[in-house]
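**Q** Residue numbers (the working numbering): 115 to 399.
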Ligand code: PLP
C-alpha cells in the first residue's frame, strides 16, 4: 500500500508530496510540528497536542492554516488513508511560501500544512521496552526557547546521531550547570534511591511533553511522589531507575547512561508500571 500525505489541501501519494522550495520551513526552519501516537486507529491525547500546537504557533506569530475542527478531520483522514493501527501522525505548519527574506512575509501569506502518518512495529517497540535502552549525554547547545515545538532541530539531530554512533538510543542534554534538561526527542526522568520520581520542571528550558504530563498523572494515581526540578548528571548516574517519555515511545526504560548501568542495569519496576498504566490515563479521540 502506498502511503498518502496531506499537503496544503490535497491528499497525494507520498512520493509525489512536495512543497515549494521557497517554503519558509525549507528556507529557515520557520515552522512548528506535533506528533501524536495513534493506537487502535485512534489519536492519543489529541486535545493536549492541539493546545500545545496553538501555543507554539502563537509564540512564533504563525497563523493556524485552518480551523481546529478542520485540522482534526485532516489528521483523522490521513490516519485512515494510511491504515494506521499503531503508529504516529505527524503535522507541520510553516509560515508559508514567500520570496526569500528573513523578515516575515506579507500579512495574509497562507501558512503551509503537511500531515503524514505511518504504522510502527508494536512488537519491536515492546521488545525494546522490555530490554531497556542506552543513553549518552551531550552539552545542551540549543537556543533558549526549546519550549516551542519548532522544526529547527539541528542540535537535536546532531545529538541523536552522536547517540547512534555510540550504540545508544537517545542523547540527554546537559546544561551549563551540569543538570540534565531532556532528551533530543524525549523527556528525561529518574527514580531516586528513596523511590521519588524526578523530571525537570517545564519552563522555557525543555519541551513540555504531552506524555510527560500524562505520566505525571499516572504516577500520582499509583501513589508515587514526583519532584519537578532539575537533576544533575551525578544524580542520574546514582539513580535507581531512569526512563524517557515521548508520544511515540510512551515510557522507555533506560538501563545505561554514558555506559554506566542504572540500578541493576535492567528495566525498573516503576518505569514498567508507568508504561503499562499509561493508556488508562491518556485521552482517546
Ligand atoms: N522533548 C523533545 C525535545 C522532544 O522532541 C519530544 C518529542 O518529540 C519530547 C520532549 C516529548 O514530547 P511528547 O511527549 O509530547 O512527545
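Built from N, CA and C at the ideal position, the CB exists for glycine as well. Computed from a prediction, not measured in an experiment: that's the story for all the values here.
Check residue 216 in the structure and name its three-state DSSP category.
**A** In the structure shown, residue 216 sits in coil (DSSP, three-state: anything other than H, G, I, E or B).
**Q** Alpha carbon to alpha carbon, how far is residue 399 from residue 142? Give it in angstroms, no decimals.
**A** Rounded to the nearest angstrom, the two C-alpha atoms are 34 Å apart.
**Q** Between which two residues does the beta strand (DSSP E) carrying residue 398 extend?
**A** Where residue 398 is concerned, there is no enclosing beta strand (DSSP E), given that its DSSP letter is neither H nor E.
**Q** Checking 8 Å against the spacing of the C-beta atoms, do residue 150 and residue 361 come in under that value?
**A** The answer is yes: Cβ separation under 8 Å.
**Q** By a C-beta neighbour count over all protein chains shown, 10 Å radius and 16 as the cutoff for buried, is residue 164 buried or exposed?
**A** Result: buried.
**Q** Going by other Cβ atoms of all chains shown within 10 Å of its Cβ, with 16 needed for buried, is residue 275 buried or exposed?
**A** Classification of residue 275: exposed, given that the 10 Å Cβ count is below 16.
**Q** Would DSSP call residue 205 helix, strand or coil?
**A** The answer is strand: DSSP assigns residue 205 an E or B state.
**Q** Once DSSP output is grouped into helix, strand and coil, what is the label at residue 320?
**A** Residue state, collapsed to three classes: coil.
**Q** Suppose contacts are defined by Cβ-Cβ distances below 8 Å. Is residue 262 in contact with residue 173 by that definition?
**A** Yes, the Cβ-Cβ distance between residue 262 and residue 173 is below 8 Å.
**Q** Any idea what DSSP makes of residue 130, helix, strand or coil?
**A** If DSSP states are grouped into helix, strand and coil, residue 130 belongs with the helices.
**Q** Taking 8 Å as the cut-off, decide whether the C-beta atoms of residue 397 and residue 209 are in contact.
**A** Not a contact, by the Cβ cut-off of 8 Å.
**Q** For residue 254, which residues of its own chain have a beta-carbon under 7 Å away from its beta-carbon, when the five flanking residues on both sides are left out?
**A** Here the set comprises 287, 288, 289 and 295.
**Q** Just how far apart, CA to CA, sit residue 211 and residue 224?
**A** Spanning the two alpha carbons is a distance of roughly 7 Å.
**Q** Beta-carbon within less than 6 Å of residue 131's beta-carbon, same chain only, minus the 5 sequence neighbours each way: which residues are those?
**A** So the list reads 119 and 121, once near-sequence residues are dropped.
**Q** Is the region 167 to 185 close to the region 332 to 342, with three or more CB pairs under 8 Å?
**A** No: the two stretches stay apart, fewer than three of their Cβ pairs being nearer than 8 Å.
**Q** Whole angstroms is fine: what's the gap from residue 388's alpha carbon to residue 382's?
**A** So the alpha carbons of these two residues sit roughly 10 Å apart.
**Q** Under a Cβ-count criterion, where at least 16 other Cβ atoms within 10 Å of its own Cβ denotes burial, should residue 333 be classed as buried or exposed?
**A** Buried, because 16 or more other Cβ atoms sit within 10 Å of the Cβ of residue 333.
**Q** Quick one: is the Cβ of residue 297 within less than 7 Å of any heavy atom of the ligand PLP?
**A** Yes; taking the cut-off as 7 Å, the Cβ of residue 297 has a heavy atom of the ligand PLP nearer than that.
**Q** What's the C-alpha gap between residue 364 and residue 300?
**A** About 9 Å.
**Q** If distances are taken between C-alpha atoms only, which option among 368, 329 and 298 comes closest to residue 394?
**A** If we check each option's Cα against that of residue 394, 329 comes out closest.
**Q** Does the Cβ-Cβ distance between residue 297 and residue 284 come in under 8 Å?
**A** Yes, the Cβ-Cβ distance between residue 297 and residue 284 is below 8 Å.
**Q** So, does the region 369 to 376 touch the region 307 to 324, judging by three or more C-beta pairs under 8 Å?
**A** No: fewer than three Cβ pairs fall under 8 Å.
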